[in-house]
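K.L.:
Handing you a structure now.
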Amino acid sequence: MRIAIVNGPNLNLLGTREPAIYGAQNFDGYMATLRTRFPQVEVSYYQSNVEGLLIDHLHACIGKADGIVLNAGAYTHTSIALADAVAAIGIPVVEVHISNVLAREDYRKTSFIAAKCKGSISGLGLEGYALAVQYFMLSIS
Ligand code: DQA
2 MRIAIVNGPN LNLLGTREPA IYGAQNFDGY MATLRTRFPQ VEVSYYQSNV EGLLIDHLHA
62 CIGKADGIVL NAGAYTHTSI ALADAVAAIG IPVVEVHISN VLAREDYRKT SFIAAKCKGS
122 ISGLGLEGYA LAVQYFMLSI S
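In terms of the numbering used here, the sequence shown is numbered consecutively and its last residue is 142.
Following this line, the structure appears as structure tokens:
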């Protein structure tokens, strides 16, 4: 099974970015743990701070990924174009947020992407990504 993890803006700074909210682990380190924990899953990783590049990458996943774990960062709350891309590609997507977006500022409580996804995981830290991979392992044979 091929799972693409896609992270949006500012998530390249995980580890040093607001650690009280996002934790102290960087994502490369977490990816290494994830690959060790799920050796049977082919996990790719892409991060961009640019909306159009994220859309291009979602398009590029067609035929190459069986499932996508998407943390669109702040674009979650602003981007109809990313939501349209999720709807367009025909690949199941699970939305992940490291922090509990429903417990934060009001503008974080809206996700344009959520309705186009299989489901959303929010507030469980980096382990949200592992839970999303586990969902795909259970749902895709
Ligand atoms: C985030 C939550 C967003 O509101 C924020 O803009 C991020 C990270 C999260 O993982 O908790 O960049 O998606």
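C-beta atoms are modelled at their ideal positions from N, C-alpha and C, and glycine is treated no differently. Please read all numbers here as calculations on a predicted model, not as lab measurements.
Which value, in whole angstroms, describes the spacing of the CA atoms of Tyr76 and Gln41?
P.N.:
Rounded to the nearest angstrom, the two C-alpha atoms are 31 angstroms apart.
K.L.:
Given Asn8, which residues of its chain have a CB within under 6 angstroms of its CB, disregarding the five upstream and five downstream residues?
P.N.:
Contacts found: Gln48, Asn72.
K.L.:
Could you give the distance in angstroms between the alpha-carbon of Gly126 and the alpha-carbon of Cys62?
P.N.:
Cα to Cα, Gly126 sits roughly 25 angstroms from Cys62.
K.L.:
With a threshold of 7 angstroms, establish whether the CB of Ser100 neighbours any heavy atom of the ligand DQA.
P.N.:
True, at least one ligand heavy atom lies under 7 angstroms from that Cβ.
K.L.:
Per DSSP, what are the beta-bridge partners of Gly120 in this structure?
P.N.:
For Gly120, which the question treats as bridged, DSSP gives the partners Val95.
K.L.:
Have a look at Arg3, Ala5, Ile4, Tyr31 and flag the residue whose alpha-carbon is nearest the alpha-carbon of Leu15.
P.N.:
Considering only alpha carbons, the answer is Tyr31.
K.L.:
Nearest CA to the CA of Leu12: which residue from Leu55, Ile4, Gly91, Ala84?
P.N.:
Measuring from the Cα of Leu12, the nearest candidate turns out to be Leu55.
K.L.:
Give me the Cα-Cα distance between Glu106 and Asn27, rounded to the nearest whole angstrom.
P.N.:
If you take the alpha carbons of Glu106 and Asn27, they lie about 24 angstroms apart.
K.L.:
Taking C-alpha atoms, which residue in His60, Ile99, Ala33 lies nearest to Ala82?
P.N.:
Selected option, being the one with the closest Cα: His60.
K.L.:
Between Leu125 and the ligand DQA, is the CB less than 7 angstroms from at least one heavy atom?
P.N.:
Result no, Cβ not under 7 angstroms from the ligand DQA.
K.L.:
Would you call the CB atoms of Ile4 and Asp67 closer than 8 angstroms?
P.N.:
For Ile4 and Asp67, yes; Cβs fall inside 8 angstroms.
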